[in-house]
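Accompanying notes for the structure given below.
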Amino acid sequence: MLRLALSVFAGALVFGAFAAEGTAAAVERLQRDYPAARIYYSDGKVSRVYGVPMTPFGSPERSADAFIKAYSELYGVPYSNLVFDGELELMDGKFTAVYYYQQCNGLRVDRAWLTVLVRNDPGYPVVLASGHLYDIRNVALVPIRIGVQSAIERWARWYPEFTFESPEFIVYAEDGKATYAYRFYGSNNNRENPEAYEFIVDATRPDAPILRMEDRILYIDVTGTVTGYATPGVKPDRADNPPTIQPIQDIWVRLVGGNAAYTDASGYYVIPHPGSTSVTLNTSVGGSGSI
126 MLRLALSVFA GALVFGAFAA EGTAAAVERL QRDYPAARIY YSDGKVSRVY
176 GVPMTPFGSP ERSADAFIKA YSELYGVPYS NLVFDGELEL MDGKFTAVYY
226 YQQCNGLRVD RAWLTVLVRN DPGYPVVLAS GHLYDIRNVA LVPIRIGVQS
276 AIERWARWYP EFTFESPEFI VYAEDGKATY AYRFYGSNNN RENPEAYEFI
326 VDATRPDAPI LRMEDRILYI DVTGTVTGYA TPGVKPDRAD NPPTIQPIQD
376 IWVRLVGGNA AYTDASGYYV IPHPGSTSVT LNTSVGGSGS I
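Start counting the sequence shown at 126; every next residue gets the next number (our numbering).
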């Protein structure tokens, strides 16, 4: 048994060495093809390539594809594991961003992405490739041991007031580690005190432990200005000094069923609000500076 364990461990080391060698070879190839290209490293791995026009191939998508086909190993990911995920023109058509996500065994890898920026000049050269990808080339995934519905039901017992939806089978990864996982969303459907979370649970363990749980409520302050007709200066309201629209200071503005705030000298207010749904505001002629 010990001999077998040592053999497996040695095999993993050799496979990992091949993976590292692939990345080093890709760096060497890039520097040979584009000596002025710059590479930015984050946490010891390639995060961004930029500095010179690269792999012009006649269109944004074809140029981006040529880049990742030649240099995907820079990021520790085989070309076949990057999947086209759309494109978008930026800066009034000056650039096109081409998006990819990482897959493993046909499944999306959680939070693994690459954006290739192409300049829309003749040839459509790549000018930037930036991403967050996981080197899991030497990882053997453990088979799943619980179904998605059973995993949801397990956590529904802890959150009985929640409605769960949008289950997805994914790969949850860290560099050198990866596991099959389920992602789903749960919320309590309570507009007065909303709660909503993204759950990612381990599909390879029968107890489906949480790998990540993230709050999905967006906390967006309510902002605005209060204006009204007021007579300018200290002269009375008369024909040669008619009222004009002006900011109103120190007016109390309140969310119906929520927080409140006073306006400042510009009539501007900021009301903290836990949520992103539409709100109703009330105000009146009164406040800390009214008489």
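Ideal Cβ placement from N, Cα and C applies to all residues, glycine included.
Cβ neighbour criterion (16 or more within 10 Å) applied to residue i
| i | result |
| --- | --- |
| Thr405 | exposed |
| Pro296 | Checking the sequence, you will find Val at residue 296 rather than Pro. With 16 or more Cβ atoms within 10 Å of its Cβ, Val296 is classed as buried. |
| Arg341 | exposed |
| Arg157 | exposed |
| Thr221 | buried |
| Glu198 | buried |
| Ile261 | buried |
| Gln371 | exposed |
| Val112 | Nothing can be reported for residue 112, as the shown portion of the chain is limited to 126 through 416. |
| Val264 | buried |
| Phe209 | exposed |
| Pro367 | exposed |
| Leu207 | buried |
| Leu155 | buried |
| Tyr165 | exposed |
| Tyr249 | buried |
Helix, strand or coil at residue i according to DSSP, with G and I counted as helix
| i | result |
| --- | --- |
| Ser409 | coil |
| Ala385 | strand |
| Trp377 | strand |
| Val273 | helix |
| Leu258 | coil |
| Arg316 | coil |
| Asn366 | strand |
| Ile325 | strand |
| Thr148 | helix |
| Tyr196 | helix |
| Ser291 | strand |
| Asp300 | coil |
| Pro181 | coil |
| Ala355 | strand |
| Asp190 | helix |
C-alpha gap between residue i and residue j, whole angstroms
| i | j | result |
| --- | --- | --- |
| Pro160 | Trp283 | 57 Å |
| Arg244 | Ser255 | 15 Å |
| Lys302 | Asp346 | 39 Å |
| Arg113 | Ser205 | Lying before the first or after the last residue shown, residue 113 is absent from the chain, which here runs from 126 to 416. |
| Ala333 | Lys194 | 37 Å |
| Tyr259 | Tyr224 | 16 Å |
| Leu336 | Thr288 | 20 Å |
| Thr148 | Lys219 | 31 Å |
| Thr329 | Arg270 | 5 Å |
| Ala306 | Asp235 | 9 Å |
| Arg379 | Ile396 | 8 Å |
Residue from the options whose Cα sits closest to the Cα of residue i
| i | options | result |
| --- | --- | --- |
| Trp238 | Phe289, Asp332, Tyr200 and Arg262 | Tyr200 |
| Thr180 | Tyr165, Tyr196 and Asp168 | Tyr196 |
| Asn384 | Ser184, His398, Tyr394 and Val208 | His398 |
| Thr304 | Gly183, Ile277 and Asn230 | Asn230 |
| Val252 | Arg337, Ala191 and Tyr354 | Ala191 |
| Ser391 | Leu232, Gly353, Ile164 and Glu212 | Gly353 |
| Pro292 | Arg173, Gly272, Pro268 and Leu266 | Gly272 |
Per DSSP, cross-strand counterpart(s) of residue i
| i | result |
| --- | --- |
| Thr350 | Tyr393 |
| Leu242 | Ala222 and Leu253 |
| Lys170 | Ser167 |
| Glu214 | Thr221 |
| Gln156 | Answer is none; Gln156 lacks a bridge partner. |
| Tyr284 | Per DSSP, none; premise fails for Tyr284. |
| Arg236 | Per DSSP, none; premise fails for Arg236. |
| Leu207 | Gln227 |
| Pro372 | Thr352 |
Distance cut-off 7 Å: residue i Cβ against heavy atoms of the ligand ADP
| i | result |
| --- | --- |
| Tyr387 | The ligand ADP is not part of the structure shown, which contains no ligands of any sort. |
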